[in-house]
Each structure stands twice: as C-alpha cells, then as structure tokens.
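Undergrad: Each residue of the sequence shown is one higher than the last, beginning at -9 in the working numbering.
By construction, the Cβ of each residue, glycine as well, lies at the ideal position given by its N, Cα and C atoms.
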Amino acid sequence: MSDTSHRFASNELRSVDRELLIAIRRGLAAGADSVGIGELVEALGVTATAVRQRVDRLLDMGLIDREKVVAGRGRPTYRYRLTISGYRQVGSNPTELAEAMWREILEVKNTELRERLLSSIAARMGRQYAAQLRDDDSSTTVGERMQRLSQMLAARHVVTDVSKSGELPVLDIGACPYPSLTDASEDRSMCRLEEQMFSEALGQPVQLSSCRLDGDSCCQFSP
-9 MSDTSHRFAS
1 NELRSVDREL
11 LIAIRRGLAA
21 GADSVGIGEL
31 VEALGVTATA
41 VRQRVDRLLD
51 MGLIDREKVV
61 AGRGRPTYRY
71 RLTISGYRQV
81 GSNPTELAEA
91 MWREILEVKN
101 TELRERLLSS
111 IAARMGRQYA
121 AQLRDDDSST
131 TVGERMQRLS
141 QMLAARHVVT
151 DVSKSGELPV
161 LDIGACPYPS
171 LTDASEDRSM
181 CRLEEQMFSE
191 ALGQPVQLSS
201 CRLDGDSCCQ
211 FSP
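(1) Is it a yes or a no for the region 90 to 107 touching the region 150 to 161, going by three-plus beta-carbon pairs under 8 Å?
(2) DSSP beta-bridge partners for I163?
(3) For a minimum of 4 consecutive residues, which ranges assigned as the alpha helix (DSSP H) are wholly contained in the region 79 to 141?
(4) The beta strand (DSSP E) with E57 in it runs from where to where?
(5) Going along the chain, which residues of its own chain have a beta-carbon closer than 8 Å to the beta-carbon of R146, five neighbours each way excluded?
(6) I'd like to check one pair, S207 with L108: are the Cβ atoms closer than 9 Å?
(7) Going by alpha carbons, who is nearest to S170 out of R8, E86, E190 and C201?
(8) For S212, tell me which candidate among Q186, R15, D204 and G205 has the shortest Cα-Cα distance.
(9) If you draw a straight line from the alpha carbon of R(-3) to that of D177, how long is it in whole angstroms?
(10) Comparing the C-beta of L107 with each C-beta of chain C, is any distance below 9 Å?
(11) In the DSSP assignment, what residue or residues form a beta bridge with S155?
(12) Just verifying my parser: in three-state terms, what is the DSSP assignment at Q186?
(13) Does the separation of the CB atoms of R71 and I14 fall below 9 Å?
(14) Here's the rule I'm using: 16 or more other beta-carbon atoms within 10 Å means buried, otherwise exposed. How should E184 be labelled?
(15) In chain order, what residues of the same chain lie with their CB nearer than 6 Å to the CB of E102, ignoring the 5 residues before and after it?
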C-alpha cells in the first residue's frame, strides 16, 4: 500500500480546533451573531495567541469566516462565525444513524425488497463519485478513473491504492471503510454494495477479487 491517504492529513481537524468550533457555536446559540477573540479566550481558558493560532487554521480550512469591526479610531478587530462546513463539523455524528438504518435494511425479510434497497443505495453513491470523475477531463481510461477514485476515497480517510494485475488496474482497499457494518463475517451485503458502487462510479463493472473477510491482506476490486 502507498501513502496516498497521508497526503490529506493536513486537512484533519484537531481536537483543540473542534473545541473552538464548539465554543463559537455556543456563543451563537446564546444569541450572538458572531464571537470575538476575547470571548473565545474566556470560554476556552487559553491565551489569545493560542486562540488566534486555532482561528487561523480554521479560516484556512473554510470552517469559519470573519468580519472586520471598526470602532472609532482604534485598531479594527475581527469577529467570527461558523460556515456551513463548520456547522457540519460540530453537528451530530451521523454514524449512529447510518448504522441503525443499515441494520434495519438487513432485517427486511423480503429478499427482493432488501436487495432493491441495497442496489439503489449503491447506485446513488456511485453516481455521486461518477459525477466528480466526469468533472476531471484527465480521467479518460478506467485506470485513470480508478486512480482518481482512489484519491477521492483517500480524501475521505479510506486507506486505498491502485495496483496492477497484469495489464488491468486493481483498486486496493487496505481497511474496511465501514468496520462496524461488517462485523458479521457471514454477511457480505456491504461487500456487494461496494462492488456495485465502484462499478457505477467507474462506468465499468468491477468484481471483488480479494476480501479481508476471507483473510486476504486487503480488499481488491478489479475489472
């Protein structure tokens, strides 16, 4: 496996930065339309320098924005608020909801209905990736599309790479993106979903040729 996923490490949100986002959200929830450095210093119990360092990182990540406030002849100050992306970072974790919905789908007794639901989910997710791949004019061959898809997955913190089997490209997934949803090794619904999702995304059928649930070192999807 390569270090593809590590290229996106700089975009990971630090715990101290998340605390600042939460502090801003609390200030806004209390009725303020924005929050200043002084209020954040008081809320977090750290120095103004530490707050400014966190603010700079969050501005760079697009999680907060700022407005300049000029009062009299004094030095202008800035006040901060969350962007839409910032609200998403401190919103409720959707993982529990996704897990509950997944397990309810697997409990559907009607096999045809259950498979139709899974197929629809896979197709929708695949189309989302496919739309991004279409925007990349350089992704012309299946190998190039697979390489771009690998980069997109890595941006979502999925350990992934592209290798070759003869002349064919192979998408390697080093760790299951949904470990809590594949804890029952006898159920391969998630494996089938990923297979269909990647096929939809790449515009070409791929098959799960190796699987970690079978003891292989990684999951591999190949044309």
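TA: Once the coordinates are examined:
(1) no
(2) Indexing the sequence shown from 1 puts residue 163 at position 173. Answer by DSSP bridge pairing, in chain order: T150 and C209.
(3) 85 to 96 and 101 to 124
(4) Indexing the sequence shown from 1 puts residue 57 at position 67. Element bounds for E57: I54 to V59.
(5) What you label residue 146 is simply residue 156 of the sequence shown in a count that begins at 1. The answer, listed in chain order, is P167.
(6) Locating residue 108 in the sequence shown gives position 118, where the first residue counts as 1. Locating residue 207 in the sequence shown gives position 217, where the first residue counts as 1. No, these two residues do not count as a Cβ contact at 9 Å.
(7) Looking up residue 170 in the sequence shown gives position 180. Taking only the C-alpha atoms, the option nearest S170 is E86.
(8) Indexing the sequence shown from 1 puts residue 212 at position 222. Looking at the Cα atoms, Q186 is the closest of the given residues.
(9) Reading the sequence shown from its first residue, position 7 is the one you call residue -3. Reading the sequence shown from its first residue, position 187 is the one you call residue 177. Because the pLDDT at R(-3) is just 33, under 50, the model does not fix this residue reliably, and the value given afterwards should be weighed accordingly. Taking the straight line joining both Cα atoms gives about 33 Å.
(10) No chain C appears in the structure shown, which is made up of a single protein chain.
(11) Working through the sequence shown from its first residue, we reach residue 155 at position 165. According to DSSP, which records beta bridges pairwise, S155 is partnered with L158.
(12) Numbered from its first residue, the sequence shown carries residue 186 at position 196. Helix at Q186.
(13) Residue mapping note: residue 71 aligns to position 81 of the sequence shown, counting from 1. Residue mapping note: residue 14 aligns to position 24 of the sequence shown, counting from 1. Their beta carbons are under 9 Å apart, which means R71 touches I14 by this criterion.
(14) Numbered from its first residue, the sequence shown carries residue 184 at position 194. Under this definition E184 is a buried residue.
(15) The residue you call residue 102 lines up with position 112 of the sequence shown. Within the same chain, E102 has no close Cβ partners at all.
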